[in-house]
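Just so you know, the sequences run in chain order A and B. Note that my numbering has the first sequence beginning at 10, numbered continuously upward. Note that my numbering has the second sequence beginning at 62, numbered continuously upward. The next block holds one structure in the form of structure tokens; read it before the comments.
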Amino acid sequence: MNCNVAIVWMHDYLDSELPRDDVLQLKNHLLSCTACRVRYEQLERTEALMRSKMDSPAIMDSEQSARLTQRIVSQFPAKRRRATGWTRWIRKHPAVSVAALFAIVMFSSFVTMWQQDTQLSISGADLAQLVIDGDTVTVPEGVHIQGDLTIENGKANVLGDVEGNVTVIDGQLYQASTAHISGQVKKIDQALDWFWYKVTQSISSLAY
Amino acid sequence: MKSLEARLARLALKGDQSAFAELVGLYQDKLYHMAYRMLYNRQEAEDVVQDTFLRVYKNLERYDDSLKFSTWIYRIATNLCIDRLRKRKPSYSLDAESNDHEGLDGYSMIPSDNRTPESELLLSETQHIIHQAIETLPAKYKSVMVLRYLQDMSLQEIGDVLEVPVTTVKTRVHRGREFLRKKLEHKL
Chain A
10 MNCNVAIVWM
20 HDYLDSELPR
30 DDVLQLKNHL
40 LSCTACRVRY
50 EQLERTEALM
60 RSKMDSPAIM
70 DSEQSARLTQ
80 RIVSQFPAKR
90 RRATGWTRWI
100 RKHPAVSVAA
110 LFAIVMFSSF
120 VTMWQQDTQL
130 SISGADLAQL
140 VIDGDTVTVP
150 EGVHIQGDLT
160 IENGKANVLG
170 DVEGNVTVID
180 GQLYQASTAH
190 ISGQVKKIDQ
200 ALDWFWYKVT
210 QSISSLAY
Chain B
62 MKSLEARLAR
72 LALKGDQSAF
82 AELVGLYQDK
92 LYHMAYRMLY
102 NRQEAEDVVQ
112 DTFLRVYKNL
122 ERYDDSLKFS
132 TWIYRIATNL
142 CIDRLRKRKP
152 SYSLDAESND
162 HEGLDGYSMI
172 PSDNRTPESE
182 LLLSETQHII
192 HQAIETLPAK
202 YKSVMVLRYL
212 QDMSLQEIGD
222 VLEVPVTTVK
232 TRVHRGREFL
242 RKKLEHKL
């Protein structure tokens with residue numbers, strides 16, 4: 010038997026983890042090998058010393074023990090502070106809480122966007138022929154505009170022809186009898202409509 | 062059937078103060094004993110016990126019934142002890158003679174703790190050497206050896222407390238034992 014193996018087995022034996030058959034083998038080895046026998050005896054005595062050393066029970070007298078108990082118990086409030094209803098709910102439903110928080114943040118940013126947008130803005134393919142006066146955008150009589158026209162936060166006064174859609178957001182649309190709009194006419198002044206319009210617009214702008 | 066401790070923990074969670082006091086009564090001395098063996102300092106050992114119960118109290122709702130209560134509480138306490146051992150200044154050998162003070166070694170530099178029961182018992186040199194051998198064990202071996210010799214825990218339980226595999230515990234017990242054997246070699 011190899012001495013290195015014997016040393017590992019000695020430890021296993023001291024841990025009461027060595028199988029019976031191996032114990033016999035180890036015993037035979039110890040009988041024949043002085044170095045290992047000496048080592049085993051040292052280990053056994055170390056073990057015994059440590060146990061007796063650690064086990065000295067008089068480490069804390071009852072007086073000290075009582076004082077420590079007093080110290081521990083006195084540091085706690087008389088009534089356990091229970092987590093209130095909603096914090097406990099939040100802990101139990103993290104996914105819902107996160108979703109709710111997300112919705113709140115999105116909604117508030119949407120609201121601020123809605124309120125900030127009070128400036129007149131016009132977009133379209135053919136803007137050169139439009140007449141802008143304050144917040145009124147006029148398509149003069151006899152003028153022919155190619156493409157779509159979008160007016161935000163302003164009044165649209167259509168006297169001429171528009172070859173495309175006219176969209177008015179947060180404003181009013183006047184159409185004279187001479188006006189001719191070949192596409193769709195849309196008026197948006199509801200938050201939901203406006204939101205939907207923004208969404209579809211950003212998606213289509215992504216697409217093209 | 063749940064263990065007594067698990068039931069007490071449940072009661073304490075519902076706000077029963079006496080149940081918590083009972084848990085303190087059950088574990089306080091054992092924890093103190095262990096902390097003292099790890100730290101060799103009365104004051105620090107008491108602090109660790111106090112901290113342990115504070116953490117137990119705060120985290121009662123997170124206590125998982127599938128774990129033995131003793132495993133859980135020893136885990137908290139050993140972690141606190143190991144933290145303290147690691148935070149200590151790099152250890153100086155107490156036996157090294159000081160340069161500034163001729164003929165004085167480290168022992169004369171530390172304030173004596175006269176209340177230590179050891180101070181009355183450390184009469185023989187052998188006792189002194191054993192004391193020192195345990196004290197110089199590195200933290201990870203010390204925790205294993207203290208749990209093994211003092212609390213008589215099985216290797217599996219020690220593994221649960223320290224959250225390491227049993228094979229690791231085994232290796233540490235073997236190395237720790239060899240370490241102590243070498244330290245005590247001349248006295249055996």
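We treat Cβ as the ideally placed atom computed from N, Cα and C, and that holds for glycine. The structure displayed is predicted, hence computed values, not measured ones.
Check                                                                                                                        : Outcome
Bridge partners - residue 147/A, DSSP secondary structure assignment                                                         : 140/A and 166/A
Spatial neighbours of residue 122/B in its chain, beta-carbon cut-off 7 Å, leaving aside the 5 residues before and after     : 74
In chain order, each alpha helix (DSSP H) run of at least 4 residues that lies wholly inside the segment 158-217 of chain A  : 200-216
Residue 202/B, buried or exposed, once every other Cβ within 10 Å from all chains shown has been counted against 16          : buried
Where residue 90/B meets chain A, residues with beta-carbon distance less than 7 Å                                           : 69 and 74
Interface flag, residue 86/B vs chain A, CB-CB below 8 Å                                                                     : yes
Closer than 7 Å: residue 94/B CB and nearest the ligand PLP heavy atom                                                       : This structure lacks the ligand PLP, and indeed carries no ligand of any kind.
Members of the segment 93-104 of chain A that neighbour chain B once the beta carbon cut-off is set at 7 Å                   : none
Candidates 161/A, 162/A, 151/A and 76/A: closest to residue 172/A by CA position                                             : 151/A
Contact list for residue 38/A against chain B, beta-carbon separation under 9 Å                                              : The premise fails here: residue 38/A is roughly 18 Å from chain B at the closest Cβ pair, so nothing lies under 9 Å.
Stretch-stretch touch, CB-based, cutoff 8 Å, three pairs: the segment 108-116 of chain A with the segment 125-141 of chain A : no
For residue 104/B, three-class secondary structure by DSSP                                                                   : helix
Contact list for residue 55/A against chain B, beta-carbon separation under 8 Å                                              : 238, 241, 242, 245 and 249
Integer Cβ distance of residue 219/A from residue 32/A, believed to fall under 8 Å                                           : An answer regarding residue 219/A cannot be provided, because it is not within the stretch 10 to 217 covered by chain A.
Short CB-CB distance (under 8 Å) between residue 129/A and chain B                                                           : no
Residue ranges of each alpha helix (DSSP H) within the segment 21-91 of chain A, 4 or longer                                 : 29-41, 43-63 and 71-83
Chain A contact residues for residue 111/B, given Cβ-Cβ distances below 8 Å                                                  : 77, 80, 81 and 84
Beta-carbon proximity of residue 97/B to residue 106/B, cut-off 8 Å                                                          : yes
For residue 181/A, the nearest candidate out of 162/A, 189/A and 153/A (CA to CA)                                            : 162/A
Interface flag, residue 172/B vs chain A, CB-CB below 8 Å                                                                    : Low local confidence applies: a pLDDT of 48 at residue 172/B is under 50, so the model's placement there is unreliable, and no value is given.
Assigned secondary structure, residue 246/B (DSSP; H/G/I helix, E/B strand, else coil)                                       : helix
Beta carbon proximity, residue 98/B to chain A, threshold 8 Å                                                                : yes
Residue 155/A, DSSP secondary structure in three states                                                                      : strand
Closer than 8 Å to chain B by CB, residue 24/A                                                                               : yes
Residue 80/A versus residue 227/B - alpha carbon distance                                                                    : 36 Å
Exposure of residue 25/A, with buried meaning 16 or more beta-carbon neighbours within 10 Å                                  : exposed
Residue 247/B burial status per 10 Å Cβ neighbour count (16 or more: buried)                                                 : exposed
Residue 86/B in three-state terms, based on DSSP                                                                             : helix
Contact check, residue 208/B vs residue 142/B, beta carbons under 8 Å                                                        : no
Contact with chain B by residue 46/A, beta-carbon distance below 8 Å                                                         : no
Under 7 Å from the C-beta of residue 82/B: neighbouring residues of chain A                                                  : 82
Residue 237/B, DSSP secondary structure in three states                                                                      : helix
CB contact below 8 Å: residue 35/A versus chain B                                                                            : no
Rounded C-alpha distance that separates residue 183/A from residue 216/A                                                     : 32 Å
Any C-beta of chain A under 8 Å from that of residue 231/B                                                                   : yes
Range covered by the alpha helix (DSSP H) that runs through residue 94/A                                                     : 94-101
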